[in-house]
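Following: one structure in structure tokens, then a few remarks.
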Amino acid sequence: MLHLWLATALVGMPPLMPLEDIERGQKGVCETVFEGTAIEPFPFEVKGLMKNFLGPGKDVVLVRLLGEKASFTGVVAGMSGSPCSIDGKLLGALSYSFATFAKEPIAGITPIRTMMEVTRLPKEERPWRLGGGTDDWRAMRDGRAEREAPAGDSLRPIATPLSMAGVTPRVREHFAASLRELGFEPVAGGSAGTGGKAGALHPGSAVAAVLVSGDVDISATGTVTSVDGDEVLAFGHPFFGLGAISLPMAQAEILNTMASEMRSFKMAALGPIVGELTEDRLTAIAGRLGAAPPTVPVHGTVATPSGTSSFSLNVARDVMLTPRFVAIGLASALSGRIEVAERGTLRLEATITSEGLAPVRVRNVYSAARDGNLLVYAAIDVAQTLATLWSTPFGAPPKVAIELQTIFDSMPAEEWVEALVVPQPRVHAGQALELTVRLRQVDGPVREQRVTLHVPRAWAGEKVVLTASGVAAAQELADDVDGVPQPQSLAQVADWLRARRSDGTLYLQAVRKGAGLNHQTEAMPFLPPSVVPLFATVPGTVAQRQGLAWEERVARPGTVQGAARQTIEVLAY
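Listed below in structure tokens is the structure:
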């Protein structure tokens, strides 16, 4: 890295253009890479100064791009950060555009002076921040955006092309809506080789925030605005305004600039990692040349009838971004190794390890007769578990790693709970009750599963609700009965995750009324009524009026869905 630092240190900062000297009609030049690594100039004309556009004291210079290329492509996703100068003085970074279908290439320039304020901010701890974890995982699972896209008639940050290499078209399309919601434009990409020899970064060079690397490469591409010693400014607008961040920073090669009436964009290949992006602020993304930051290692194996293969990923560490890109990276790694992913059964065991915590394991089964997102569901479940572990008021666990083992069979194995048969609705306490669950096989016969319930004498004189179900209904019932967990430490969050139920199992449960407590993450049902008021005011404790009195788990060959219920009346002898 020393030769790289010396090369860039000689670049320094050019003279800066004062905003008070800006006048309508002034001509200037921006620089960016349209193809390869060659930096090309393109002209612009000042339309005016938009005072306080980004907030008090945060102005934007409105310009019109000129020249043959600008007329053909308009404002291109990936131009964010392109340095723009007037009379040899650096004005700032090309950073804003109208979202779609603009008739002329009107753009906004973030002044360099406000961008430089980012490098003078007090240092913050990276990458962990409290809070976060607001992802709508249901929307991601469904392949849709959580919120509507902003209207295209307002000036907004230029979209950031998200180059995705090793990602199958189906996976890319599934996550496209949620990625566009974040301001990314997902495009097919490639890798120029992260282990290659690094060159010098210059104003106008393509630069990338590396979100996933390894067997899958995913990176957000922009343009370098300035290099001053080892300090790099780029983009001219935020990713998400997260403040202090810690993402690998890499060089990029532009494969092509794709012109589109809706939104032109750059197609990029990821190059060598050259340092760390450290700030995500309103006016700039800032980084430092040198060593790459730590990442989350993700390793796994995929066993199919044709053999076993392995994969390896490194995901950037960030409370908000990491779970999302663990999901995309895993879905891509699985989809690339399983040829037929619409029909079959996938068995998964993932282990999330972290310094100071016992491992958290995710075990599940996924099956479908025809569902193109079968592998996506598995990836999202692992990522959502990680997000729960990270998004806590206790901070995120350090040195996280994920190991994954999956086995795929081309035959689906699905069952639906059709009925729960109880021989008689009134039973005596102490009696052995033979329960029968009817399970309908998808594309197959109805099978019966028998389970013996020895009715406890403590149930005498009560009505008890029995349920037979798959994992979704069983977990929902337990959560409803136990109440919302009140963890008091990260270790308790991990304990709660370990207790989550998994598919491939038939659950039989009994719920009855009774006083109890939910203390932090532990349910304590059926306590003496006099005890509950004594502890109900303890922090992290909630009183219960019913409890899970019995649970039996029976392994099944595949997934189990649906639920059936029966109520029994327990008689005393």
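For the sequence shown, this note's numbering gives the first residue as 29, with consecutive numbering after it.
Glycine included, every Cβ here is placed at the ideal spot set by N, Cα and C.
Please read these numbers as outputs of a predicted model, since none were measured by experiment.
Euclidean distance between Cα positions of Leu349 and Ile596: Near 49 Å, if we compare the C-alpha coordinates of Ile596 and Leu349.
Cβ-heavy atom distance, Leu525 to the ligand ATP, below 8 Å: What this structure holds is no ligand at all, so the ligand ATP is not there to describe.
Cα-Cα separation, Val450 to Thr188: Rounded to whole angstroms, Val450 and Thr188 show a C-alpha spacing of 60 Å.
Continuous beta strand (DSSP E) stretch holding Gly670: start and end: No answer is possible for residue 670: it lies beyond the span of the chain, which begins at 29 and ends at 601.
Pick from Arg454, Ala496, Val570, Ala506 that is closest to Ala600, judged by C-alpha positions: Per the Cα distances, Arg454.
Proximal residues to Ala429 (C-beta, below 6 Å), its chain only, five neighbours per side dropped: The residues are Pro325, Thr381.
Residue from Ser113, Val410, Asn80, Ser191 whose Cα sits closest to the Cα of Leu44: For Leu44, the nearest C-alpha among the options comes from Ser113.
Reference Arg529; option with closest CA among Gly542, Val521, Gln503, Leu403: That would be Gln503, whose Cα lies nearest to the Cα of Arg529.
As assigned by DSSP and simplified to three states, the class of Lys97: Here Lys97 carries a helix assignment [DSSP, helix/strand/coil].
Host beta strand (DSSP E) of Trp578 (start-end): Note, Trp578: beta strand (DSSP E), 569 to 583.
8 Å CB neighbourhood of Thr336 in its chain, flanking five on each side removed: Closer than 8 Å at Cβ, skipping near neighbours: Thr329, Val330.
Alpha-carbon to alpha-carbon, Ile137 and Asn88: This sequence places Val at residue 88; Asn is not what is there. Taking the straight line joining both Cα atoms gives about 6 Å.
Endpoints, the beta strand (DSSP E) within which Gln537 is located: If you look at Gln537, you'll find it in the beta strand (DSSP E) that goes 533 to 547.
Given 8 Å, three or more beta-carbon pairs between the segment 392 to 406 and the segment 362 to 373: By the Cβ test, the segment 392 to 406 is in contact with the segment 362 to 373, since at least three Cβ pairs between them sit closer than 8 Å.
Cβ neighbours of Thr569 in the same chain (closer than 8 Å, five flanking residues each side left out): A distance below 8 Å between beta-carbons, with the five flanking residues on each side excluded, links Thr569 to the following residues of its chain, in chain order: Gln514, Leu545, Asn546, His547, Gln548, Phe563.
Three-way DSSP call (helix, strand, coil) for Gln433 in this model: Correct three-state label for Gln433: strand.
Leu38 (DSSP reduced to helix, strand or coil): Caution applies to Leu38, whose pLDDT of 40 falls short of 50 and renders its modelled position unreliable; the value that the coordinates give is listed next. If DSSP states are grouped into helix, strand and coil, Leu38 belongs with coil.
Simplified DSSP state of Asp409, which is helix, strand or coil: Looking at Asp409 - three-state DSSP - the assignment turns out to be helix.
His31 in three-state terms, based on DSSP: Bear in mind that a pLDDT of 38 at His31, under 50, signals an unreliable position, so the number given afterwards is only what the model happens to contain. Three-state DSSP puts His31 in a helix.
Touch test, the segment 259 to 266 against the segment 283 to 292, Cβ-Cβ under 8 Å, three pairs minimum: These segments do not touch.
CA-to-CA distance, Leu362 to Gly299, given in whole angstroms: Approximately 24 Å between the Cα atoms of the pair.
Reduced DSSP secondary structure (H/G/I, E/B, other) of Arg593: The answer is strand: DSSP assigns Arg593 an E or B state.
Run of the alpha helix (DSSP H) containing Ile610, from where it starts to where it stops: In this structure the chain extends from 29 to 601, so residue 610 is not present and cannot be described.
Member of Lys294, Pro42, Ser274, Leu317 whose CA lies at the smallest distance from the CA of Leu307: One detail in the question is off: residue 307 reads as Glu in this sequence, not Leu. When only C-alpha atoms are compared, the closest one is Ser274.
Environment of Lys294 [buried if 16+ CB atoms lie within 10 Å]: Buried, because 16 or more other Cβ atoms sit within 10 Å of the Cβ of Lys294.
Residues of its chain near Lys427, where Cβ-Cβ distance is below 7 Å and the 5 sequence neighbours each way are ignored: The answer, listed in chain order, is Ser382, Glu383.
Cα-Cα separation, Ser233 to Thr249: Taking the straight line from one Cα to the other gives about 10 Å.
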